[in-house]
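Q: For the sequence shown, the residue numbers in the working numbering are 149 to 517.
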Amino acid sequence: MRSRLLILCPGQGGQHAAMFDLARGDARAAALLDSLAIAADGDIFSNQRAQPAIVAAGLAMWMALREHCPAPALVAGYSIGELTAYGVAGALDIPQAVALARRRAELMDACVREPQAMVAITGLSARTLAPMLAPHGFHVAIETSEHSVIAGGPADAAHALMQSVAAAGARAQQLPVAVASHTPAMASAVAPFADALRAASWRPSAAPVLGGIDAAPVRVTAATTKPAISAAATAAAAAAAAAGAGAGAGVAHRDSAHRADGDAGQAAAGIASAGSGAGQAGGGMATSGGETPGAGDAVAHLSRQLAEPVRWMDCMDAMAEQGITAALELGPGAALSKMLATRHPHIECRSVADFRTLDGIKRWLEKIA
């Protein structure tokens, strides 16, 4: 049976000073990184440095590997990695994707009027946790398994929240993140980031990208710089996120029970921003409401994601439902491939971080082709 390959694009948390080194083994990727002039030193965990660096690292690695890679059946990105995913799918060129990452970081940082924090919690479901979060001003930002979530909210309430979690018999760990990503705290960034996305030059995507907020596959269907999504619709989405509309303290859930086929909570605790998925659409490649012409669906998903939970658990289930047989994480880090392997062991999962050389990755790609 022919393999169905998934490309995984990570979010923040796995970056490190040597994260460009492997891709630099390819002359074209090295030239790209030189042209982008992105440094992997200094405070590589600040938004302004981390987000463009992570997108650049992933897309440089893709440039080094794509000629040796089977055509991906699906691409998925975690938080900022969803922007990388559109570059992998060919819908955005690399300099444009990196520029959008810079704009995203700038807009998110502007939302931090008071110190913010993110806390990884294991041992409680999002549904059980939601009423515990609300009194502390926290919202679920990430749901990576039935009993593993990441929550974001005001930094001055983080300690009290962790005490409440401990009293309930669960575990909590504050992450080294100063922005409450994927919560209503980012609502004012949604509309301006949508404007930046609309101004971009989009191309038809070669593969669908899995949307983090709903686990639905999204395609850019035509080249355009004016996707079919209105500013009013984007503003309405931002307002709904700010009010927590329909999300019960920032959380939405599928009506059907989640499958208990793996717990990725330990991996989630090392990731700066992530999520779970609700609303996977059947086995088809169109979203449940059909595709918006041009890049409208992509603009909506990428902008709404700033202020809505990323539903990574459902995304992983959607990957399996789409018949994925192998997955390669572009790095930096290996958290996504480990989470997917834990939840769906039948999928052969690797990260570029598992290899010493580009040739080693290429041999693995030949084996699974």
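Note that the Cβ used here is the ideal one computed from N, Cα and C, for glycine as well.
Predicted, not measured: the structure shown is a model, and the values here were computed from it.
Pull up the distance between the alpha-carbon of D257 and that of R150, whole angstroms please.
A: Taking the first residue of the sequence shown as position 1, residue 257 is located at position 109. Taking the first residue of the sequence shown as position 1, residue 150 is located at position 2. So the alpha carbons of these two residues sit roughly 44 Å apart.
Q: Label P200 either buried or exposed according to how many other C-beta atoms from any shown protein chain fall within 10 Å of its C-beta, with 16 as the threshold for buried.
A: Against the sequence shown, residue 200 aligns to sequence position 52. P200 is buried by the Cβ-count criterion.
Q: Skipping 5 residues on each side, what residues in its chain have a beta carbon closer than 7 Å to that of S273?
A: If you number the sequence shown from 1, residue 273 lands on position 125. Closer than 7 Å at Cβ, skipping near neighbours: E294 and H295.
Q: Three Cβ pairs or more, each shorter than 8 Å: is that satisfied between the segment 201 to 218 and the segment 314 to 328?
A: With the cut-off at 8 Å, the segment 201 to 218 and the segment 314 to 328 do not touch.
Q: How big is the Cα-Cα spacing for L170 and A282?
A: Along the sequence shown, one-based indexing puts residue 170 at 22. Along the sequence shown, one-based indexing puts residue 282 at 134. Their backbone Cα atoms lie some 43 Å apart in a straight line.
Q: Smallest Cα separation from L154: which of D174, W210 and L181?
A: Working through the sequence shown from its first residue, we reach residue 154 at position 6. Selected option, being the one with the closest Cα: W210.
Q: Which of the three DSSP states, helix, strand or coil, is assigned to H287?
A: Here residue 287 refers to the residue found at position 139 of the sequence shown. If DSSP states are grouped into helix, strand and coil, H287 belongs with the strands.
Q: Put G437 into one of helix, strand or coil per three-state DSSP.
A: Residue mapping note: residue 437 aligns to position 289 of the sequence shown, counting from 1. Confidence at G437 is low in this model, with a pLDDT of 34, below 50, so the placement of that residue is unreliable and no value is reported for it.
Q: Cα separation between G444 and A316?
A: Your numbering for residue 444 matches position 296 in the sequence shown. Your numbering for residue 316 matches position 168 in the sequence shown. One C-alpha to the other measures close to 43 Å.
Q: I'd like to confirm the pairing. Which residues does DSSP put opposite M266 in its beta bridges?
A: Numbered from its first residue, the sequence shown carries residue 266 at position 118. DSSP output for M266 lists G300 as bridge partner(s).
Q: Could you name the residues that DSSP lists as bridge partners for Q322?
A: The residue labelled residue 322 in the question sits at position 174 within the sequence shown. In the DSSP output, where bridge partners are listed per residue, Q322 has V267.
Q: With distances taken Cα to Cα, identify the nearest neighbour of A339 among L454, L506, I192 and W460.
A: Here residue 339 refers to the residue found at position 191 when the sequence shown is read from its first residue. The option with the nearest alpha carbon to A339 is L454.
Q: Beta-carbon within less than 6 Å of A482's beta-carbon, same chain only, minus the 5 sequence neighbours each way: which residues are those?
A: Here residue 482 refers to the residue found at position 334 when the sequence shown is read from its first residue. Answer for A482: S499 and A501, listed in chain order.
Q: Determine the direct distance from the alpha carbon of A245 to that of A219, and round the result to whole angstroms.
A: Here residue 219 refers to the residue found at position 71 of the sequence shown. Here residue 245 refers to the residue found at position 97 of the sequence shown. So the alpha carbons of these two residues sit roughly 21 Å apart.
Q: H492 and A468 look like a contact to me (Cβ under 8 Å); what is the Cβ gap, rounded to whole Å?
A: On the sequence shown, residue 492 is found 344 positions in, with the first residue counted as 1. On the sequence shown, residue 468 is found 320 positions in, with the first residue counted as 1. H492 to A468, Cβ: 5 Å. Contact.
Q: Here's the rule I'm using: 16 or more other beta-carbon atoms within 10 Å means buried, otherwise exposed. How should S276 be labelled?
A: Numbered from 1 along the sequence shown, position 128 holds the residue referred to as residue 276. First, the residue type needs correcting, since residue 276 is Thr and not Ser in the sequence shown. With fewer than 16 other Cβ atoms within 10 Å, it is exposed.
Q: Less than 6 Å between C-beta atoms, sequence neighbours within five positions excluded: which residues of the same chain meet that for Q470?
A: For this step, residue 470 is matched to residue 322 along the sequence shown. So the qualifying residues of the chain are L222.
Q: By DSSP, does I377 sit in helix, in strand, or in coil?
A: Translated into positions along the sequence shown, residue 377 becomes position 229. At I377, the pLDDT of 40 sits below 50, so the modelled position is not reliable and the matter cannot be decided from this model.
Q: Taking C-beta to C-beta, are A305 and I298 nearer than 8 Å?
A: Looking up residue 305 in the sequence shown gives position 157. Looking up residue 298 in the sequence shown gives position 150. No. Outside cutoff.
Q: Under the assumption that T331 contacts G300 (Cβ atoms under 8 Å), give the Cβ distance between them as a whole number of angstroms.
A: Sequence index remark: in the sequence shown, residue 331 carries index 183 (1-based). Sequence index remark: in the sequence shown, residue 300 carries index 152 (1-based). 4 Å between Cβ atoms; contact.
Q: Would you say G229 and G159 are within 8 Å of each other, going by their C-beta atoms?
A: Reading the sequence shown from its first residue, position 81 is the one you call residue 229. Reading the sequence shown from its first residue, position 11 is the one you call residue 159. Yes; because the gap between Cβ atoms is below 8 Å, this pair is in contact.
Q: What do you get for R511, buried or exposed, if any count of 16 or more other CB atoms within 10 angstroms of its CB means buried?
A: The residue given as residue 511 occupies position 363 in the sequence shown. Exposed, because fewer than 16 other Cβ atoms sit within 10 Å of the Cβ of R511.
Q: From A237 to Y226, what does the alpha carbon distance come to, in whole angstroms?
A: What you label residue 237 is simply residue 89 of the sequence shown in a count that begins at 1. What you label residue 226 is simply residue 78 of the sequence shown in a count that begins at 1. One C-alpha to the other measures close to 15 Å.
Q: Give the DSSP bridge partners of E469, in chain order.
A: Working through the sequence shown from its first residue, we reach residue 469 at position 321. Answer is none; E469 lacks a bridge partner.
Q: If you measure between the beta carbons of L345 and V458, is that distance less than 8 Å?
A: Here the question's residue 345 lines up with position 197 in the sequence shown. Here the question's residue 458 lines up with position 310 in the sequence shown. Going by C-beta atoms, L345 is not nearer than 8 Å to V458.
Q: Do L231 and L478 have their CB atoms nearer than 8 Å?
A: Taking the sequence shown and counting its residues from 1, one reaches residue 231 at position 83. Taking the sequence shown and counting its residues from 1, one reaches residue 478 at position 330. Not in contact: L231 and L478 (Cβ atoms no closer than 8 Å).
Q: Going by beta-carbon coordinates alone, are Q163 and I186 separated by less than 8 Å?
A: Taking the first residue of the sequence shown as position 1, residue 163 is located at position 15. Taking the first residue of the sequence shown as position 1, residue 186 is located at position 38. No, they are not a contact pair.
Q: What residue range is occupied by the uninterrupted alpha helix (DSSP H) comprising I242?
A: Walking along the sequence shown from the start, residue 242 turns up at place 94. I242 -> alpha helix (DSSP H) spans I242 to A258.
Q: Just to confirm the assignment, what range does the beta strand (DSSP E) spanning S312 have?
A: Looking up residue 312 in the sequence shown gives position 164. Taken as a continuous stretch (DSSP letters only), S312 belongs to no beta strand (DSSP E), being part of the alpha helix (DSSP H) at A306 to A315.
Q: Could you pull out every residue in the same chain whose Cβ sits closer than 6 Å to the Cβ of A489, ignoring the five residues on either side in sequence?
A: For the purposes of this step, residue 489 is identified with residue 341 of the sequence shown, where counting begins at 1. So the list reads C497, once near-sequence residues are dropped.
Q: Could you check how far apart the C-beta atoms of A253 and N195 are, in whole angstroms? I think they sit under 8 Å.
A: In the sequence shown, counting from the first residue as 1, residue 253 sits at position 105. In the sequence shown, counting from the first residue as 1, residue 195 sits at position 47. The pair is a contact, with the Cβ atoms about 4 Å apart (cut-off 8 Å).
Q: Name the two residues that bound the continuous alpha helix (DSSP H) containing E514.
A: Start at 1 with the first residue of the sequence shown, and residue 514 comes out as number 366. That run of the alpha helix (DSSP H) goes L506 to I516.
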